[in-house]
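Chemist: Below is one structure. I have some questions about it.
There are 2 protein chains.
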Amino acid sequence: MDVYWDSMSNAPQLPAGFPAVVAWSSAGVRLLDQTRLPADEIYLDINNVADLEAAILRLSVRGAPAIGCAAAFGVVLIAREVPESLSGEALKKELDRRCDHLIEVRPTAVNLKWAVDRCRAVAHSQFAKNVSRTTLLLALESEAHAILEEDRRMCSAMGAHGATLLQQLLKGKKSATLMTHCNAGALATGGMGTALSVMYASQQAGLTLHVFADETRPLLQGARLTSWELARAGIDVTVICDNMAASVLRDRHPDMVVVGADRIAANGDTANKIGTYGLAILAKHHGVPFYVAAPYSTFDLTLKSGAEIPIEERKRSEISDQNGRLAVPDNAKVFNPAFDVTPAELIAGFITERGVLKPPFA
Amino acid sequence: MDVYWDSMSNAPQLPAGFPAVVAWSSAGVRLLDQTRLPADEIYLDINNVADLEAAILRLSVRGAPAIGCAAAFGVVLIAREVPESLSGEALKKELDRRCDHLIEVRPTAVNLKWAVDRCRAVAHSQFAKNVSRTTLLLALESEAHAILEEDRRMCSAMGAHGATLLQQLLKGKKSATLMTHCNAGALATGGMGTALSVMYASQQAGLTLHVFADETRPLLQGARLTSWELARAGIDVTVICDNMAASVLRDRHPDMVVVGADRIAANGDTANKIGTYGLAILAKHHGVPFYVAAPYSTFDLTLKSGAEIPIEERKRSEISDQNGRLAVPDNAKVFNPAFDVTPAELIAGFITERGVLKPPFA
Numbered sequence: 006m007d008v009y010w011d012s013m014s015n016a017p018q019l020p021a022g023f024p025a026v027v028a029w030s031s032a033g034v035r036l037l038d039q040t041r042l043p044a045d046e047i048y049l050d051i052n053n054v055a056d057l058e059a060a061i062l063r064l065s066v067r068g069a070p071a072i073g074c075a076a077a078f079g080v081v082l083i084a085r086e087v088p089e090s091l092s093g094e095a096l097k098k099e100l101d102r103r104c105d106h107l108i109e110v111r112p113t114a115v116n117l118k119w120a121v122d123r124c125r126a127v128a129h130s131q132f133a134k135n136v137s138r139t140t141l142l143l144a145l146e147s148e149a150h151a152i153l154e155e156d157r158r159m160c161s162a163m164g165a166h167g168a169t170l171l172q173q174l175l176k177g178k179k180s181a182t183l184m185t186h187c188n189a190g191a192l193a194t195g196g197m198g199t200a201l202s203v204m205y206a207s208q209q210a211g212l213t214l215h216v217f218a219d220e221t222r223p224l225l226q227g228a229r230l231t232s233w234e235l236a237r238a239g240i241d242v243t244v245i246c247d248n249m250a251a252s253v254l255r256d257r258h259p260d261m262v263v264v265g266a267d268r269i270a271a272n273g274d275t276a277n278k279i280g281t282y283g284l285a286i287l288a289k290h291h292g293v294p295f296y297v298a299a300p301y302s303t304f305d306l307t308l309k310s311g312a313e314i315p316i317e318e319r320k321r322s323e324i325s326d327q328n329g330r331l332a333v334p335d336n337a338k339v340f341n342p343a344f345d346v347t348p349a350e351l352i353a354g355f356i357t358e359r360g361v362l363k364p365p366f367a
Numbered sequence: 006m007d008v009y010w011d012s013m014s015n016a017p018q019l020p021a022g023f024p025a026v027v028a029w030s031s032a033g034v035r036l037l038d039q040t041r042l043p044a045d046e047i048y049l050d051i052n053n054v055a056d057l058e059a060a061i062l063r064l065s066v067r068g069a070p071a072i073g074c075a076a077a078f079g080v081v082l083i084a085r086e087v088p089e090s091l092s093g094e095a096l097k098k099e100l101d102r103r104c105d106h107l108i109e110v111r112p113t114a115v116n117l118k119w120a121v122d123r124c125r126a127v128a129h130s131q132f133a134k135n136v137s138r139t140t141l142l143l144a145l146e147s148e149a150h151a152i153l154e155e156d157r158r159m160c161s162a163m164g165a166h167g168a169t170l171l172q173q174l175l176k177g178k179k180s181a182t183l184m185t186h187c188n189a190g191a192l193a194t195g196g197m198g199t200a201l202s203v204m205y206a207s208q209q210a211g212l213t214l215h216v217f218a219d220e221t222r223p224l225l226q227g228a229r230l231t232s233w234e235l236a237r238a239g240i241d242v243t244v245i246c247d248n249m250a251a252s253v254l255r256d257r258h259p260d261m262v263v264v265g266a267d268r269i270a271a272n273g274d275t276a277n278k279i280g281t282y283g284l285a286i287l288a289k290h291h292g293v294p295f296y297v298a299a300p301y302s303t304f305d306l307t308l309k310s311g312a313e314i315p316i317e318e319r320k321r322s323e324i325s326d327q328n329g330r331l332a333v334p335d336n337a338k339v340f341n342p343a344f345d346v347t348p349a350e351l352i353a354g355f356i357t358e359r360g361v362l363k364p365p366f367a
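Top to bottom, those sequences are chains A and B.
Note that the first sequence ends on residue 367 in our numbering; no numbers are left out.
Note that the second sequence ends on residue 367 in our numbering; no numbers are left out.
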């Protein structure tokens, strides 16, 4: 089954009225400020790249694909800001310098570099044609829109495949209980998310859903973001602490656990937010199928297995500081890995924009 | 092996200088204020039962056995406070009324009622003998000391049995990695704890320990209390988020997971702090032996299995309010069970004051 649509008119979409996480107008980039969620739904109108960099740095926009979309529009802002006086090699050099600066805001965010480099290449080809500044800006704007639109389609395609899969698992049942970890949703992408796209598409297909969202310590993306966007879309969502997942898996027996991914090796081993590995073991123990939803761009076939994926450690204060209150005494250590690796054998399948796949990937 | 000592001189003990969680002097009860941990080590000197009730209510003292010890001294305070003018039936009635009031501060804390009733029975028997107020007070003080001392011995005995078990598991190794959940330590008892008694006794037996402590959401007893008391005792402790346990079990392969228990059924099913069940599954998956340390009083043989243990749900704000910051939007639900039940088949054994046992219990 191929669900790449020529038009998006019949593709799964976010419910009407769902806010755009990244949007563009002639005034600049509009971002839903994720640092203010879930308490406030505030939008940032950003008309210069310095403000955009600051917004990316403080996680007002987060999630690799969403950062990529925002950064693509950032290159338009850069092209606007490069002094009119420059031209030729000097213009190119100055634009490159500013693009590199944007990339360095979050050096480990693969999509940030990918999106900026893609837009930069468009600029270079325009420079080669010696076009006007207006033409350059239009070409860059068009490329950024293309990146956003591709991301939207990719998410919708994942959602469609995931919803089909879920309906197969349900064998005619019209309601489903799902579980997820962290935030692999609309807030993390230019579209309807990766793992959460399955939920939005299933809802649109007429299923009644109940979702358990792990709060996802230490940064609480599940509590703050996943529950916000699902509830905003009218999906019944219940937040639990990560350590309650085993009880919920036993007592509520979800139809599916679905999570996103940061990086997938050729053998299917998957790096994702810390806690994913444990959740996969618990799902297996309770006979609940565990799926990963991720676009092709997340598969890194240069890695044979998860053993080659480096695990970033984050700072102590994420665990020891409870919004200003000391939670761990200074003479105790803290271990704070950002990710873990779930071995392929715990994963029932990979929901991608081209269908549900199983490893090995080639 | 029986390790009930006639004197405590050769029993495992907390390291010298470790603070008393509950102590008594002629001035009254001294409590280590656990609400101030881990930031501050503050003691409360309490000379009236109203203040003691307030301290129990706000969790300045917590953990069933520690509450029991504090409440036993509370009955001494009550006996001091009952008006001198009362005698006979009127005196008994007034003391009973005040004892009932103390019990009702935390109605689900079994040890609170048990300790108050035990002291009350002493008072009744003294009333029957028509003794002086001074004699009554001395008898009550003596009973409270006996309760504290019994708790201390029970903990030491558990520690000794647990340390012997750990040494068997280590097969000659002199260092061990352990993992625990929540706080089943000195802070929860009148002695050296239940699960953590194994660590203190092992340290005293010359083993070098490294302990991973789950932070234990939502109330963070692991981060705040377990890490505080282990570090205070010079034991190397690392706090992790609950969702990191699977990674640590895989990568560090602890020699043992040991936790406390709130209630144990005749078949060995064990209710304990939420997250214990998931941790037991993860330990099993990684071939790490999972032990429960609990005194005889925790075994409830009127319950055939864990299915009969009611699971208390606690309030939403424990999860949705992050020390004053909204962590879950109002239109999302929260599920907050306080406990879970670990089936006996996941538990390698029960470390009690009389040795390491296996179910069924009779």
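The beta-carbon is built from N, C-alpha and C at its ideal position, and this holds for glycine as well.
For B/G273, is the classification buried or exposed, using 16 other Cβ atoms within 10 angstroms of its Cβ as the cut-off for buried?
Modeler: Taking the second sequence and counting its residues from 1, one reaches residue 273 of chain B at position 268. Buried, by the Cβ-count rule.
Chemist: Using a Cβ-Cβ distance under 7 Å, would A/L224 count as near chain B?
Modeler: The sequence position of residue 224 of chain A within the first sequence is 219, counting from 1. No, its Cβ sits nowhere closer than 7 Å to a Cβ of chain B.
Chemist: So, do the stretch 54–72 of chain B and the stretch 26–42 of chain B have three or more beta carbon pairs nearer to each other than 8 Å?
Modeler: Contact holds: three or more Cβ-Cβ distances are below 8 Å.
Chemist: With a 10 Å radius around its C-beta and 16 neighbouring C-beta atoms as the bar for buried, classify B/I47 as buried or exposed.
Modeler: In the second sequence, counting from the first residue as 1, residue 47 of chain B sits at position 42. Exposed, since its Cβ has fewer than 16 Cβ neighbours within 10 Å.
Chemist: When the Cα of A/A191 is compared with those of A/N341, A/F340, A/C74, which residue comes out closest?
Modeler: The residue you call residue 191 of chain A lines up with position 186 of the first sequence. Selected option, being the one with the closest Cα: A/C74.
Chemist: For A/A305, which of helix, strand or coil comes out of DSSP?
Modeler: Numbered from its first residue, the first sequence carries residue 305 of chain A at position 300. Here residue 305 of chain A is Asp; the residue named in the question, Ala, does not match the sequence. Correct three-state label for A/D305: strand.
Chemist: Is the stretch 252–269 of chain A touching the stretch 125–139 of chain A in the sense that three or more CB pairs, one from each, lie closer than 8 Å?
Modeler: Flag = no, the stretch 125–139 of chain A and the stretch 252–269 of chain A do not touch.
Chemist: Could you tell me which uninterrupted alpha helix (DSSP H) segments, each at least 4 residues in length, are contained entirely in the stretch 247–296 of chain A, listed from first to last along the chain?
Modeler: Here the runs fully enclosed are 250–257, 281–290.
Chemist: Closer than 6 Å by C-beta to B/G79: which residues in its own chain qualify, once you throw out the five before and the five after it? Chain order, please.
Modeler: Numbered from 1 along the second sequence, position 74 holds the residue referred to as residue 79 of chain B. Correct list, in chain order: V54, L57, L107.
Chemist: Determine whether the Cβ of B/D7 lies closer than 7 Å to any Cβ atom of chain A.
Modeler: Along the second sequence, one-based indexing puts residue 7 of chain B at 2. Reliability of the predicted coordinates at B/D7 is poor, the pLDDT of 45 falling under 50, and the value obtained from them is presented with this limitation in mind. It does not; no Cβ of chain A falls within 7 Å.
Chemist: With a threshold of 7 Å between beta-carbons, can B/Q327 be considered close to chain A, or not?
Modeler: As a first step, residue 327 of chain B must be located in the second sequence, where it is residue number 322. Judged by the 7 Å Cβ criterion, B/Q327 is in contact with chain A.
Chemist: Count the other CB atoms within 10 Å of the CB of A/L19; is the residue buried (16 or more) or exposed (fewer)?
Modeler: Your numbering for residue 19 of chain A matches position 14 in the first sequence. When all chains shown are included, A/L19 counts as buried.
Chemist: Which residues in the same chain as B/R237 place their Cβ atom closer than 7 Å to its Cβ, once the five residues preceding and following it in sequence are excluded?
Modeler: Along the second sequence, read from residue 1 onward, the residue named residue 237 of chain B stands at position 232. Contacts found: F23.
Chemist: Going by beta carbon distance, what residues of the same chain come within less than 7 Å of A/K118, once the five residues before and after it are set aside?
Modeler: As a first step, residue 118 of chain A is located in the first sequence; it is residue number 113 there, counting from the start. Here the set comprises I108.
Chemist: Just to confirm my understanding: we take B/A44, look at its own chain, exclude 5 residues before and 5 after, and list those with CB closer than 8 Å. What are they?
Modeler: In the second sequence, the residue the question calls residue 44 of chain B occupies position 39. Result list for B/A44: empty, nothing under 8 Å.
Chemist: Might you give, ordered along the chain, the residues of its own chain that have their beta carbon closer than 8 Å to the beta carbon of B/T113, omitting 5 neighbours on each side?
Modeler: On the second sequence, residue 113 of chain B is found 108 positions in, with the first residue counted as 1. Correct list, in chain order: E317.
Chemist: Taking 7 Å as the threshold (beta carbon to beta carbon), is B/V203 in contact with chain A?
Modeler: Numbered from its first residue, the second sequence carries residue 203 of chain B at position 198. No, B/V203 lies away from the interface with chain A (no Cβ there is under 7 Å from its Cβ).
Chemist: Residues in the stretch 94–119 of chain A with C-beta within 8 Å of chain B's C-beta atoms, listed in sequence order?
Modeler: For the stretch 94–119 of chain A, which is checked against every Cβ of chain B, not one residue is closer than 8 Å.
Chemist: Check for me: the beta strand (DSSP E) holding B/G33 runs from which residue to which?
Modeler: Taking the second sequence and counting its residues from 1, one reaches residue 33 of chain B at position 28. Here the beta strand (DSSP E) through B/G33 covers 33–37.
Chemist: List, from N- to C-terminal side, the alpha helix (DSSP H) runs of 4 residues or more that fit wholly inside the stretch 44–85 of chain B.
Modeler: Taking only runs of at least 4 residues, the alpha helix (DSSP H) segments lying wholly in the stretch 44–85 of chain B are 54–62.
Chemist: Contact defined as beta carbons within less than 8 Å: I believe B/G265 pairs with B/T199. What is the distance between those atoms, to the nearest angstrom?
Modeler: The residue you call residue 265 of chain B lines up with position 260 of the second sequence. The residue you call residue 199 of chain B lines up with position 194 of the second sequence. About 4 Å separates the two Cβ atoms, so the contact holds.
Chemist: Throw me the rounded Cβ distance for the B/I240 and B/Q208 pair, which I believe falls under 8 Å.
Modeler: Taking the second sequence and counting its residues from 1, the one referred to as residue 240 of chain B is at position 235. Taking the second sequence and counting its residues from 1, the one referred to as residue 208 of chain B is at position 203. So it is a contact: roughly 6 Å between Cβ atoms.
Chemist: Suppose you measure from the CA of B/L331 to the CA of A/A126; what does that come to, to the nearest Å?
Modeler: In the second sequence, counting from the first residue as 1, residue 331 of chain B sits at position 326. In the first sequence, counting from the first residue as 1, residue 126 of chain A sits at position 121. Rounded to whole angstroms, B/L331 to A/A126 spans 43 Å at the Cα level.
Chemist: Residues in the same chain with beta-carbon distance under 6 Å from A/E99, minus the five sequence neighbours each way, listed in chain order, please.
Modeler: Position 94 of the first sequence holds residue 99 of chain A. Once the five neighbours on either side are set aside, the close Cβ partners of A/E99 are V87, L91.
Chemist: Mapping DSSP to helix, strand and coil, what is B/L183?
Modeler: In the second sequence, the residue the question calls residue 183 of chain B occupies position 178. Strand, per DSSP.
Chemist: List, in order along the chain, the chain B residues whose C-beta lies closer than 8 Å to that of A/D274?
Modeler: Here residue 274 of chain A refers to the residue found at position 269 when the first sequence is read from its first residue. The contacting residues do not exist; A/D274 stays about 13 Å from chain B at best.
Chemist: To the nearest angstrom, how far is the alpha carbon of B/D11 from that of B/A162?
Modeler: The count along the second sequence starts at 1 and reaches residue 11 of chain B at position 6. The count along the second sequence starts at 1 and reaches residue 162 of chain B at position 157. Interpretation of B/D11 is limited by its pLDDT of 49, a score under 50 that renders its predicted location unreliable; the figure taken from the coordinates is listed afterwards. Going by the C-alpha atoms only, they are around 12 Å apart.
Chemist: For A/V244, which residues of its own chain have a beta-carbon under 7 Å away from its beta-carbon, when the five flanking residues on both sides are left out?
Modeler: The sequence position of residue 244 of chain A within the first sequence is 239, counting from 1. These residues qualify, in order along the chain: A218, E220, G227, A228, S232.
Chemist: Would DSSP call B/A120 helix, strand or coil?
Modeler: For the purposes of this step, residue 120 of chain B is taken as residue 115 along the second sequence, with counting starting at 1. B/A120: helix per DSSP, three-state reduction.
Chemist: If we require 4 or more residues per run, which alpha helix (DSSP H) segments fall completely within the stretch 317–364 of chain A?
Modeler: Those alpha helix (DSSP H) runs which fall completely within the stretch 317–364 of chain A and span 4+ residues are 322–325.
Chemist: How would you write the range of the beta strand (DSSP E) that B/V216 sits in, first residue to last?
Modeler: Here residue 216 of chain B refers to the residue found at position 211 of the second sequence. 213–219 is the span of the beta strand (DSSP E), which, as asked, contains B/V216.
Chemist: For B/I352, which residues in chain A fall below 8 Å Cβ to Cβ?
Modeler: Here the question's residue 352 of chain B lines up with position 347 in the second sequence. Ordered by position in chain A, no residue passes the 8 Å Cβ test against B/I352, which lies about 15 Å from the chain.
Chemist: What does the alpha-carbon distance come out to for the pair A/V346 and B/D335?
Modeler: Taking the first residue of the first sequence as 1, we reach residue 346 of chain A at position 341. Taking the first residue of the second sequence as 1, we reach residue 335 of chain B at position 330. Computed Cα separation, rounded: 33 Å.
Chemist: Could you tell me whether any Cβ in chain B is nearer than 7 Å to the Cβ of A/T307?
Modeler: If you number the first sequence from 1, residue 307 of chain A lands on position 302. Taking Cβ atoms only, chain B never reaches closer than 7 Å to A/T307, which makes this a no.
Chemist: Which residue comes first and which comes last in the alpha helix (DSSP H) that contains A/V203?
Modeler: Within the first sequence, numbered from 1, the residue matching residue 203 of chain A stands at position 198. From DSSP, the alpha helix (DSSP H) with A/V203 extends over 200–209.
Chemist: Answer yes or no: do B/N116 and B/I72 have a C-beta to C-beta separation smaller than 7 Å?
Modeler: Locating residue 116 of chain B in the second sequence gives position 111, where the first residue counts as 1. Locating residue 72 of chain B in the second sequence gives position 67, where the first residue counts as 1. Yes. Within cutoff.
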